[in-house]
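Residue numbers (the numbering used here): 4 to 146.
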């Protein structure tokens, strides 16, 4: 919760995290020297995956940790038989959008007024990546 609250102006609540874990959604935790520095949560169903949250501690951002978490979630989705992976991102989150594009995600739509803002609501960009048979995630360049 501490990382989530430092990283986002409108963080997930404890209840959202609890519901995701109770539902059995796979979650990855990233540690550095025994300290939690990031996490990711994905839902898997009916041949599809949905990245629900990826977060890196603000003081650890820009070092490839988010990319590592995203790749781990995509790899897990593929191993579990997902054929595509979806996610939403704020249009104002340019670093995240650049990361997702560089990892093969493309914008496929928008969800109007999806995210809260200080002055109202912000759309979400819906992005997706197809997972094809010859798409070898383990061959992706490592960081």
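Cβ coordinates follow ideal geometry from the N, Cα and C atoms, glycine included. All of these numbers come straight from a predicted model, not from anything done at the bench.
Who are the Cβ neighbours of residue 114 in its own chain at under 7 Å, not counting the five residues just before and after it?
Position 111 of the chain shown, counted from the first residue, corresponds to residue 114. So the list reads 91, 126, 127, 129, once near-sequence residues are dropped.
Which of helix, strand or coil does DSSP assign to residue 61?
As a working mapping, residue 61 is identified with position 58 in the chain shown. If DSSP states are grouped into helix, strand and coil, residue 61 belongs with the helices.
Could you tell me the alpha carbon to alpha carbon distance between residue 111 and residue 43, rounded to whole angstroms?
Position 108 of the chain shown, counted from the first residue, corresponds to residue 111. Position 40 of the chain shown, counted from the first residue, corresponds to residue 43. Answer to the nearest angstrom: the Cα atoms are 22 Å apart.
If I measure Cβ to Cβ from residue 86 and keep anything under 6 Å in the same chain, skipping five residues before and after, which residues do I get?
Indexing the chain shown from 1 puts residue 86 at position 83. Within the same chain, residue 86 has close Cβ partners 50, 134.
Does the distance from the CB of residue 106 to the CB of residue 73 come in under 7 Å?
Position 103 of the chain shown, counted from the first residue, corresponds to residue 106. Position 70 of the chain shown, counted from the first residue, corresponds to residue 73. Yes, the pair counts as a contact, with Cβ atoms nearer than the cut-off.
Does the pairing of the region 10–29 with the region 52–71 give three or more beta-carbon distances under 8 Å?
yes
Can you tell me where the beta strand (DSSP E) with residue 92 in it begins and where it stops?
Along the chain shown, read from residue 1 onward, the residue named residue 92 stands at position 89. Run containing residue 92: 87–92, per the beta strand (DSSP E) assignment.
Check whether the Cβ atoms of residue 29 and residue 45 lie closer than 7 Å to each other.
For the purposes of this step, residue 29 is identified with residue 26 of the chain shown, where counting begins at 1. For the purposes of this step, residue 45 is identified with residue 42 of the chain shown, where counting begins at 1. Yes, Cβ-Cβ distance for residue 29 and residue 45 is below 7 Å.
Can you tell me whether residue 32 is buried or exposed? The criterion is at least 16 other CB atoms within 10 Å of its CB, across all chains shown.
Working through the chain shown from its first residue, we reach residue 32 at position 29. When all chains shown are included, residue 32 counts as exposed.
Can you check DSSP and say which residues form a bridge with residue 44?
Start at 1 with the first residue of the chain shown, and residue 44 comes out as number 41. Answer is 30, 56, bridged to residue 44.
Alpha carbon to alpha carbon, how far is residue 145 from residue 40?
Sequence index remark: in the chain shown, residue 145 carries index 142 (1-based). Sequence index remark: in the chain shown, residue 40 carries index 37 (1-based). Bear in mind that a pLDDT of 47 at residue 145, under 50, signals an unreliable position, so the model cannot answer this.
Identify the continuous beta strand (DSSP E) that holds residue 119 and give its terminal residues.
On the chain shown, position 116 is the one that residue 119 refers to. First-last of the beta strand (DSSP E) with residue 119: 109–120.
Figure out for me which residue from 48, 26, 5 has the closest Cα to the Cα of residue 147.
Residue 147 lies beyond the stretch modelled for the chain, which goes from 4 to 146, so this question has no answer here.
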